[in-house]
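J.:
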Amino acid sequence: MATGNINVSVENIFPLIKKFLYSDHEIFLRELISNATDATLKLKHLTNIGEASVEYGNPVIEIKVDKEGKKLHIIDQGIGMSADEIQKYINEVAFSGAEEFLEKYKDSAKDSGIIGHFGLGFYSAFMVAEKVEIISKSYKEDEKAAHWTCDGSPQYTIEEHDKTERGTEIILHIAEDSTEFLEDSRINELLVKYNKFMPIPIKFGTKEETLPLPEDAEEGAEAEKITVDNIINNPNPAWTKQPADLEDADYKSFYRELYPMQFEEPLFNIHLNVDYPFNLTGILYFPKLGNDMNMQKDRIQLYQNQVFVTDNVEGIVPEFLTMLKGVIDSPDIPLNVSRSYLQADGNVKKISSYITRKVADKLNSLFKNNREDFEAKWDDIKIVIEYGMLSEDKFFDKADKFALYPSVDGTYYTYEELYEKIKDAQTDKDDKTIILYASNKDQQHSYIEAAKEKGYEVLLLDSPIVSHLIQKLETSKENISFARVDADHIDNIIKKDSAQISKLSDEEKESLKTTLTEVVPADKYTVQLEAMDSNASPFMITQPEFMRRMKEMQQTGGGGMFGMGNFPEM
Ligand code: ADP
Ligand code: MG
1 MATGNINVSV
11 ENIFPLIKKF
21 LYSDHEIFLR
31 ELISNATDAT
41 LKLKHLTNIG
51 EASVEYGNPV
61 IEIKVDKEGK
71 KLHIIDQGIG
81 MSADEIQKYI
91 NEVAFSGAEE
101 FLEKYKDSAK
111 DSGIIGHFGL
121 GFYSAFMVAE
131 KVEIISKSYK
141 EDEKAAHWTC
151 DGSPQYTIEE
161 HDKTERGTEI
171 ILHIAEDSTE
181 FLEDSRINEL
191 LVKYNKFMPI
201 PIKFGTKEET
211 LPLPEDAEEG
221 AEAEKITVDN
231 IINNPNPAWT
241 KQPADLEDAD
251 YKSFYRELYP
261 MQFEEPLFNI
271 HLNVDYPFNL
281 TGILYFPKLG
291 NDMNMQKDRI
301 QLYQNQVFVT
311 DNVEGIVPEF
321 LTMLKGVIDS
331 PDIPLNVSRS
341 YLQADGNVKK
351 ISSYITRKVA
361 DKLNSLFKNN
371 REDFEAKWDD
381 IKIVIEYGML
391 SEDKFFDKAD
401 KFALYPSVDG
411 TYYTYEELYE
421 KIKDAQTDKD
431 DKTIILYASN
441 KDQQHSYIEA
451 AKEKGYEVLL
461 LDSPIVSHLI
471 QKLETSKENI
481 SFARVDADHI
491 DNIIKKDSAQ
501 ISKLSDEEKE
511 SLKTTLTEVV
521 PADKYTVQLE
531 AMDSNASPFM
541 ITQPEFMRRM
551 KEMQQTGGGG
561 MFGMGNFPEM
């Protein structure tokens with residue numbers, strides 16, 4: 001038997017990194033700006049704790065496109081690197097200077113917002129560049145600037161450079177197949193997508209700004225225009241602030257910042273803020289949903305230390321909450337792993353149940369503190385709550401106290417209030433309480449009138465998942481049953497009342513019956529000519545509750561919702 005070492009040659013690894021490191025080539029810019037941000041945050045930290053005696057100032061990160069020279073520049077004013085540091089941090093693939101920094105300054109730097117992790121981000125530059133240069137000058141006075149060049153093969157050169165300002169400039173010589181990244185509009189698109197809320201100002205070109213006219217300006221005077229840096233990001237987005245420092249208007253304006261194309265105001269927001277046992281901040285918004293479950297655009301955005309990662313939060317946020325909008329920022333979500341692994345990750349599970357609990361608590365406090373307002377919003381938020389009740393038992397237990405059941409006349413009951421009201425008056429012969437509901441006020445008008453005439457309470461339950469919710473309630477509550485007003489079930493309560501009197505004479509009944517049996521299939525519907533003392537209609541056609549419900553559930557379940565295969569068990 002022979003043993004040996006598998007020989008990993010760098011020559012072979014580079015093309016692999018280039019091709020497969022990230023599926024999305026465009027993230028190279030996010031990675032390089034993250035490094036520039038880290039370099040600046042490190043300097044900030046070192047000046048804060050007195051380890052660097054330089055002036056921190058107001059550093060910016062600048063992005064420059066040189067279309068003619070086919071180059072893209074990323075320039076920062078951070079800690080910089082000496083030639084030795086470049087050897088150490090850049091030439092060793094998969095060695096993370098960010099992790100080393102966090103390890104070294106463990107206690108003081110844990111909230112510094114440093115982004116890097118795996119020591120691979122820098123090499124994403126080679127996904128779009130045929131050659132990369134680093135020109136860097138360390139913040140340490142006595143270090144000379146260094147110039148590193150590499151064309152994607154494992155060979156590199158390093159030499160002295162005459163750069164005098166502190167910081168790093170990365171120059172990408174954009175490859176033939178990636179010239180899209182020499183277009184201003186494309187770069188701007190990337191900056192807005194990934195870097196809109198990063199913590200250090202990012203400059204991309206300049207823009208004209210019109211100064212306000214002075215108070216004593218003469219009529220017809222021209223306003224003065226000045227050229228200013230075009231800063232593409234907001235370094236202090238609302239979610240990084242304390243809830244106590246924010247007004248309702250701040251939350252609303254942040255919503256517009258997040259979704260500039262969204263003109264509808266959100267109904268309310270939930271500020272997430274936890275640092276133990278995991279780190280998470282964020283703001284979730286309840287949009288006006290109505291009965292619309294398929295909100296594909298403007299989804300919740302996921303950030304890590306203010307860097308945009310994805311707007312696919314599937315597996316991180318419980319499915320029913322993916323209908324909300326807003327941001328979640330957590331360094332503790334292992335995003336480099338597959339989605340199916342995510343669902344099994346302990347941290348992610350804790351995050352998911354924390355978010356569920358916060359949402360339930362917020363809804364409960366809105367309900368308690370201003371019921372009138374909560375009722376007014378109910379139709380716009382019910383779909384999230386009902387879906388949550390179906391899919392998460394813990395949420396069901398909490399929501400059971402504030403979920404509302406509106407009557408056709410616009411009274412909103414909690415389950416308990418409703419049950420108290422009808423438990424004695426609406427029972428069948430087995431003493432089961434029957435909850436009557438309509439799903440469409442117009443179509444079921446005469447049935448509703450007939451039931452009201454009897455003094456029954458009729459709910460209006462019109463959300464697309466109501467048959468699932470009813471099923472859930474019937475199995476979790478004792479001795480109740482739901483019946484739609486046009487279901488034959490309703491007879492059971494009606495019969496308990498008085499004798500049934502028809503408005504029709506015997507002959508009228510006979511002839512109606514003959515006509516109706518010709519058009520109404522007897523195996524699907526029941527024709528009822530008695531007990532119609534409402535003035536609306538002389539007869540009723542009812543359908544077995546069970547049959548109709550099965551059909552509805554087949555339509556909304558199994559694949560109908562979000563295109564997800566499995567509807568929660570009931
Ligand atoms: P990570 O950011 O995960 O640590 P990268 O591959 O993105 O890994 O970067 C490797 C290291 O190179 C960084 O940790 C940092 O020490 C150094 N580095 C990269 N870019 C810069 C920069 N602009 N200024 C200073 N140091 C940098
Ligand atoms: Mg990095």
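Its first residue numbered 1, the sequence shown is counted upward by one per residue in full-length UniProt numbering.
The C-beta atom is built at its ideal place from N, Cα and C for all residues, glycine as well.
These numbers come from a predicted model, not from an experiment.
Quick one: residues with CB closer than 7 Å to any heavy atom of the ligand MG, in chain order, please.
T.: Taking each Cβ in turn, the ones that pass are GLU31, SER34, ASN35, ASP38, ALA98, ILE115, GLY116, GLY121 and PHE122.
J.: Tell me the start and end of each unbroken beta strand (DSSP E) in the region 220-280 that is at least 3 residues and wholly inside, in chain order.
T.: Segments of the beta strand (DSSP E) lying fully in the region 220-280: 225-231 and 268-274.
J.: Leaving out five residues before and five after LYS131 in sequence, what residues of the same chain have Cβ atoms less than 6 Å from its Cβ?
T.: Sequence index remark: in the sequence shown, residue 131 carries index 131 (1-based). These residues qualify, in order along the chain: ASP151 and HIS173.
J.: In three-state terms, what does DSSP make of SER136?
T.: As a position in the sequence shown, residue 136 is number 136, starting the count at 1. SER136: strand per DSSP, three-state reduction.
J.: Using 8 Å for Cβ pairs, my map puts GLU386 next to SER481. What's the rounded Cβ distance?
T.: The count along the sequence shown starts at 1 and reaches residue 386 at position 386. The count along the sequence shown starts at 1 and reaches residue 481 at position 481. Not a contact, Cβ separation roughly 19 Å.
J.: What is the DSSP secondary structure of ASN535, reduced to helix, strand or coil?
T.: To locate residue 535, count along the sequence shown from 1; it is residue 535. No answer about ASN535 holds up, because its pLDDT of 49 lies below 50 and its placement is not dependable.
J.: Quick check on GLU218: buried or exposed, where buried means 16 or more other Cβ atoms within 10 Å of its Cβ?
T.: Position 218 of the sequence shown holds residue 218. Classification of GLU218: exposed, given that the 10 Å Cβ count is below 16.
J.: Keeping to the same chain, check which residues put their C-beta closer than 6 Å to that of PRO59; ignore five residues upstream and five downstream.
T.: Indexing the sequence shown from 1 puts residue 59 at position 59. THR40 and GLN77, listed in sequence order.
J.: Quick one, which of ALA83, PHE95 and MET127 has its alpha-carbon nearest ASP142's?
T.: Position 142 of the sequence shown, counted from the start, is the residue given in the question as residue 142. Considering only alpha carbons, the answer is ALA83.
J.: Opposite HIS173 in the DSSP bridges: which residues?
T.: Taking the sequence shown and counting its residues from 1, one reaches residue 173 at position 173. Paired residue(s): LYS71 and LYS131.
J.: Out of GLU319, GLY282 and ARG357, point me to the one whose CA is closest to VAL307's CA.
T.: On the sequence shown, residue 307 is found 307 positions in, with the first residue counted as 1. For the residues GLU319, GLY282 and ARG357, the minimum Cα distance to VAL307 belongs to GLY282.
J.: Would you be able to state if there are at least three C-beta pairs under 8 Å between the region 264-273 and the region 242-255?
T.: Yes, the region 242-255 is in contact with the region 264-273.
J.: At a Cβ threshold of 8 Å, is SER96 touching chain B?
T.: Among the chains in the structure shown there is no chain B, since it carries only a single protein chain.
J.: At 3 residues or longer, what runs of the beta strand (DSSP E) sit wholly inside the region 323-380?
T.: Counting whole runs of 3 or more residues, the region 323-380 contains the beta strand (DSSP E) stretches 325-329.
J.: Tell me the residue span of the beta strand (DSSP E) that contains PHE396.
T.: On the sequence shown, position 396 is the one that residue 396 refers to. From DSSP, PHE396 is part of no beta strand (DSSP E) but of the alpha helix (DSSP H) over 393-399.
J.: Taking 7 Å as the line, does the beta carbon of ALA245 fall inside it for any heavy atom of the ligand ADP?
T.: Taking the first residue of the sequence shown as 1, we reach residue 245 at position 245. Reading off the sequence, residue 245 comes out as Asp, not Ala. Checking the Cβ of ASP245 against the ligand ADP gives no.
J.: If I follow the unbroken alpha helix (DSSP H) through ASP107, where does it start and stop?
T.: Along the sequence shown, read from residue 1 onward, the residue named residue 107 stands at position 107. 106-109 is the extent of the alpha helix (DSSP H) around ASP107.
J.: Enumerated in chain order, which unbroken segments of the beta strand (DSSP E) with a length of 3 residues or greater are wholly contained in the region 436-480?
T.: Segments of the beta strand (DSSP E) lying fully in the region 436-480: 458-460.
J.: With a threshold of 7 Å (Cβ to nearest heavy atom), would TYR89 be considered close to the ligand ADP?
T.: Here residue 89 refers to the residue found at position 89 when the sequence shown is read from its first residue. Yes - the ligand ADP has a heavy atom lying nearer than 7 Å to the Cβ of TYR89.
J.: In the DSSP assignment, what residue or residues form a beta bridge with THR433?
T.: One-based indexing of the sequence shown puts residue 433 at position 433. Per DSSP, THR427 and ILE480.
J.: So, is ARG299 buried or exposed, given that buried needs 16 or more other C-beta atoms within 10 angstroms?
T.: The sequence position of residue 299 within the sequence shown is 299, counting from 1. Its Cβ being crowded by 16 or more others within 10 Å, ARG299 is buried.
J.: Check whether the region 89-101 and the region 116-127 are in contact - that is, three or more C-beta pairs closer than 8 Å.
T.: Short answer: they touch.
J.: Secondary structure at GLU62, three-state DSSP: helix, strand or coil?
T.: Position 62 of the sequence shown holds residue 62. The answer is strand: DSSP assigns GLU62 an E or B state.
J.: Run the proximity test for THR179: is its beta-carbon closer than 7 Å to any non-hydrogen atom belonging to the ligand ADP?
T.: Residue numbering aside, residue 179 sits at position 179 when the sequence shown is read from its first letter. Checking the Cβ of THR179 against the ligand ADP gives no.
J.: Going along the chain, which residues of its own chain have a beta-carbon closer than 6 Å to the beta-carbon of HIS45, five neighbours each way excluded?
T.: Here residue 45 refers to the residue found at position 45 of the sequence shown. Counting only Cβ-Cβ distances below 6 Å, and skipping sequence neighbours, we find ALA109 and SER112.
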